[in-house]
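K.L.:
The numbering of the sequence shown is full-length UniProt numbering, which starts it at 1 and goes up by one.
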Amino acid sequence: MSIFTLVKSCDLRLCSMGKPLEEEADFREPLLRPEPAGPIRDPENGSVAHLPAAPSQPVFDSHGQPIEDQCSITSSVFNLANTTIGAGIMALPRAFATLGIMLGTVMLVITYALSYFSLATIVRASEQFKEQTYADLVRSQFGRAGSLLLQLSIIINNAGIMIIYLIILGDVLVGVGPTYNGLITNALHIHSGDVWYVSRPFVLAVACFCVLGPLIALKSLRGLSKVSVASMVLALTFCGSMFGLAILAYFKGQVSDIYILPNPDMLGRDIKHILPAALGVMPVLMTAYICHFNLIPVMHSMYCPTKSRILKVVRRSLTVCTVAYLLIAIGGYIVFGSSTDGDVLRNITPENLTPLIGRTPAEVFCTAVRLAYCICLSAAFALVNWALRETLASLILREEHLAGVGFYALTCATLGVLYATAVVVPSIWFAMSLMGATASVTLGFIFPGLLATKLDSQSGLRMLLAYTMVATGVVTGVAGVLKTVVWDQH
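Below, the structure is given as structure tokens:
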């Protein structure tokens with residue numbers, strides 16, 4: 001069988017998938033990466049040939065699967081969505097309790113639109129400037145200083161997120177003193193921090209060695225895609241269940257005090273009270289879609305990463321996140337009303353849910369939610385680590401893609417430092433809140449907005465959106481700093 005026959009069979013296979021004509025056109029676009037799509041192996045004699053980078057054809061093995069561990073659109077959607085949905089989802093019900101259902105929804109939709117524009121800007125900039133990493137894009141337009149600022153932002157943001165995930169995993173599995181009502185301590189009926197095998201350091205060490213370590217050691221995002229799918233199914237199930245509880249509360253007449261418009265008791269009635277309340281809500285909403293650090297790795301993991309296919313991944317992942325956000329935010333607010341905590345997980349207790357669904361179902365639901373939350377955080381931990389490891393390799397070792405011993409050495413060293421920080425320095429919340437408020441908006445709003453001003457053929461609307469993104473990033477960063485330094489301290 002000749003290479004030309006193989007290429008033709010790829011075309012026929014594509015057509016036999018029943019894809020609409022516009023999807024077939026997606027495969028004809030140039031790839032947004034310089035390397036070939038991958039080798040095609042002759043199933044009869046095992047010979048290998050390489051396709052050129054364009055026009056891009058999907059490459060399959062003899063079993064009809066994409067080769068070289070490349071991800072499909074669906075796998076990429078789940079990987080990007082799972083990067084986006086993290087611990088911040090638990091703060092959304094409180095944000096809606098402050099803003100009201102209508103204003104909260106409007107703000108979330110606006111953030112969705114700005115986030116899509118910022119992510120699409122990175123994709124378009126990658127196509128126009130022929131750069132293959134986020135840092136290279138920034139370096140090509142803003143020099144070495146801009147690239148260094150972006151890399152430091154990714155390191156601070158991602159390391160901070162991963163440390164917070166470890167702290168939360170410790171809280172959920174072991175609990176917090178003096179009660180220690182975690183999943184493991186409750187299961188073993190040991191509510192003490194003095195027993196070594198249920199202590200936070202030991203439990204987190206086991207979690208890192210047995211779960212997180214193997215996940216972050218995977219060399220392909222396709223290997224994480226199955227975990228991402230399971231994680232997103234659990235997250236959506238939890239969000240849907242919370243909305244289901246809200247419906248049940250409505251029919252039972254147990255709906256808490258809810259507001260369609262901003263709640264004056266929570267938002268405040270004068271500027272002295274409105275300002276700190278707004279400062280607390282704004283970073284939660286405006287950073288709900290920060291996944292920009294993983295867009296390029298997800299793009300590189302795809303087979304046939306054309307602009308149309310990547311933008312399709314972005315749209316679908318943001319839509320999945322928005323559905324989850326609305327379900328948990330509105331559902332949680334309806335169930336718990338003005339007593340909604342900044343971390344709604346603290347509201348989800350058997351005591352709070354027993355009047356609604358009974359004691360035994362409430363206990364089962366609360367345990368299932370915490371277990372699902374641990375799985376979701378573990379998958380998100382591995383995905384966030386991907387961009388962190390690549391950035392560290394590029395900044396410290398001057399290598400874009402590590403292999404062999406270097407890959408595992410950097411992976412283990414990173415996990416060890418994060419574990420030690422989460423265990424030894426539990427009071428890291430202040431520093432991480434302060435740096436995260438600035439780092440996340442820098443890589444999610446400010447740099448994409450500045451890149452948008454450099455693109456060719458920009459319409460007036462896109463230029464307006466570009467400057468709006470920069471302004472939004474600056475305001476959100478200032479709000480986060482003021483909240484952390486001023487409001488939280490008083």
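Heads up, the beta-carbon is just placed ideally off N, CA and C, and yes, glycines get one too.
Since we're looking at a predicted model, the values are computed, not measured.
Going by DSSP, which residues form a beta bridge with Cys374?
P.N.:
None; Cys374 has no bridge partner.
K.L.:
On a Cα-Cα basis, can you pick out the residue from Leu410, Val485 and Leu356 that is closest to Gly253?
P.N.:
It is Leu356.
K.L.:
Quick check: the Cα distance between Phe336 and Thr179, rounded to an integer number of angstroms?
P.N.:
About 23 Å.
K.L.:
Is it true that the segment 134-147 meets the segment 331-348, where meeting means three or more beta-carbon pairs spaced less than 8 Å apart?
P.N.:
In short, these stretches do not touch, since the Cβ pair count stays below three.
K.L.:
Within 10 angstroms of its Cβ, does Phe251 collect 16 or more other Cβ (buried), or is it exposed?
P.N.:
Phe251 comes out exposed.
K.L.:
Leaving out five residues on either side along the sequence, give the residues of the same chain with a beta carbon under 7 Å from the beta carbon of Ala277.
P.N.:
Taken in chain order, the residues that qualify are Thr98, Met266, Leu267 and Gly268.
K.L.:
Which value, in whole angstroms, describes the spacing of the CA atoms of Gly160 and Thr322?
P.N.:
Answer to the nearest angstrom: the Cα atoms are 24 Å apart.
K.L.:
Just verifying my parser: in three-state terms, what is the DSSP assignment at Cys304?
P.N.:
If DSSP states are grouped into helix, strand and coil, Cys304 belongs with coil.
K.L.:
Among Trp196, Val174 and Ala437, whose alpha-carbon lies nearest the alpha-carbon of Ala187?
P.N.:
Ala187 has its Cα closest to that of Val174, out of Trp196, Val174 and Ala437.
K.L.:
Grab the span of the alpha helix (DSSP H) containing Val138 for me, first residue to last.
P.N.:
Segment Tyr134 to Leu173, the alpha helix (DSSP H) holding Val138.
K.L.:
In this structure, does DSSP put Cys210 in helix, strand or coil?
P.N.:
In the structure shown, Cys210 sits in a helix (DSSP, three-state: H, G or I).
K.L.:
Report all residues from its chain with a CB closer than 6 Å to the CB of Gln141; omit the five preceding and five following residues, and keep chain order.
P.N.:
Contacts found: Lys454.
K.L.:
Considering Met90, what are the terminal residues of the alpha helix (DSSP H) in which it resides?
P.N.:
From DSSP, Met90 is part of no alpha helix (DSSP H); its letter is neither H nor E.
K.L.:
Let's see if you can read the secondary structure: which residues bound the alpha helix (DSSP H) around Ala288?
P.N.:
Segment: none, Ala288 is in no alpha helix (DSSP H) and carries neither H nor E.
K.L.:
Measure from the alpha carbon of Phe380 to the alpha carbon of each residue in Leu166, Leu353, Phe243 and Glu363, then state which is nearest.
P.N.:
In the sequence as presented, Phe is not what sits at residue 380; that position holds Ala. Comparing Cα positions, the closest option is Leu166.
K.L.:
By a C-beta neighbour count over all protein chains shown, 10 Å radius and 16 as the cutoff for buried, is Arg200 buried or exposed?
P.N.:
Arg200 comes out buried.
K.L.:
So, Phe78 versus Val229, is the Cβ gap smaller than 7 Å?
P.N.:
Cβ atoms of Phe78 and Val229: closer than 7 Å.
K.L.:
Quick check: the Cα distance between Gly477 and Leu114, rounded to an integer number of angstroms?
P.N.:
For Gly477 and Leu114, the distance between alpha carbons rounds to 16 Å.
K.L.:
Which residues bound the alpha helix (DSSP H) around Pro264?
P.N.:
Counting along the chain, the alpha helix (DSSP H) containing Pro264 begins and ends at Pro264 to Leu267.
K.L.:
Would the segment 206-224 and the segment 372-386 be scored as touching if the rule is three or more Cβ pairs under 8 Å?
P.N.:
A contact exists between the segment 206-224 and the segment 372-386.
K.L.:
Rounding to the nearest angstrom, what Cα-Cα distance links Leu327 and Gly86 in this structure?
P.N.:
If I take the Cα positions, the gap works out to 15 Å.
K.L.:
If I'm right that Ile155 touches Thr391 with Cβ under 8 Å, what's the distance once you round it to whole angstroms?
P.N.:
So it is a contact: roughly 6 Å between Cβ atoms.
K.L.:
With 16 other CB atoms within 10 Å as the buried threshold, where does Cys210 fall?
P.N.:
Flag for Cys210 reads exposed.
K.L.:
Output the distance between the C-alpha atoms of Thr74 and Ile190, rounded to the nearest integer angstrom.
P.N.:
Rounded to the nearest angstrom, the two C-alpha atoms are 43 Å apart.
K.L.:
Could you tell me whether the Cβ of Gly143 comes closer than 7 Å to any Cβ of chain B?
P.N.:
Annotation note: the requested chain B is absent from the structure, which comprises a single protein chain.
K.L.:
Among the residues of its own chain, which have a CB less than 8 Å from the CB of Pro297, if the five just before and after it don't count?
P.N.:
So the list reads Leu221, Trp386, Ala387 and Glu390, once near-sequence residues are dropped.
K.L.:
Below 7 Å between beta carbons: does that hold for Ala91 and Val314?
P.N.:
Taking 7 Å as the Cβ cut-off, Ala91 and Val314 do not qualify as a contacting pair.
K.L.:
Nearest to Ile330 by CA position, among Met242, Leu377 and Leu345, is which residue?
P.N.:
Minimum Cα distance to Ile330 is reached at Met242.
K.L.:
Using only alpha-carbon positions, find the residue among Val344, Ala382 and Ala393 that is nearest to Val369.
P.N.:
Closest option to Val369, Cα to Cα, is Val344.
K.L.:
Among the residues of its own chain, which have a CB less than 7 Å from the CB of Thr83, if the five just before and after it don't count?
P.N.:
Around Thr83: Cys291, Asn294, Ala380, Leu383 and Val384.
K.L.:
Count the other CB atoms within 10 Å of the CB of Ser394; is the residue buried (16 or more) or exposed (fewer)?
P.N.:
Classification of Ser394: buried, given that the 10 Å Cβ count is 16 or more.
K.L.:
For Ala471, count the other beta carbons within 10 Å of its own beta carbon; 16 or more makes it buried, fewer makes it exposed. Which is it?
P.N.:
Exposed: under 16 other Cβ atoms inside 10 Å.
K.L.:
If you compare alpha carbons, which of Val441, Phe96, Leu311 and Lys272 is closest to Asn157?
P.N.:
That would be Val441, whose Cα lies nearest to the Cα of Asn157.
K.L.:
On the DSSP bridge assignment, give the partners of Cys71 in chain order.
P.N.:
In the DSSP output, where bridge partners are listed per residue, Cys71 has Met302.
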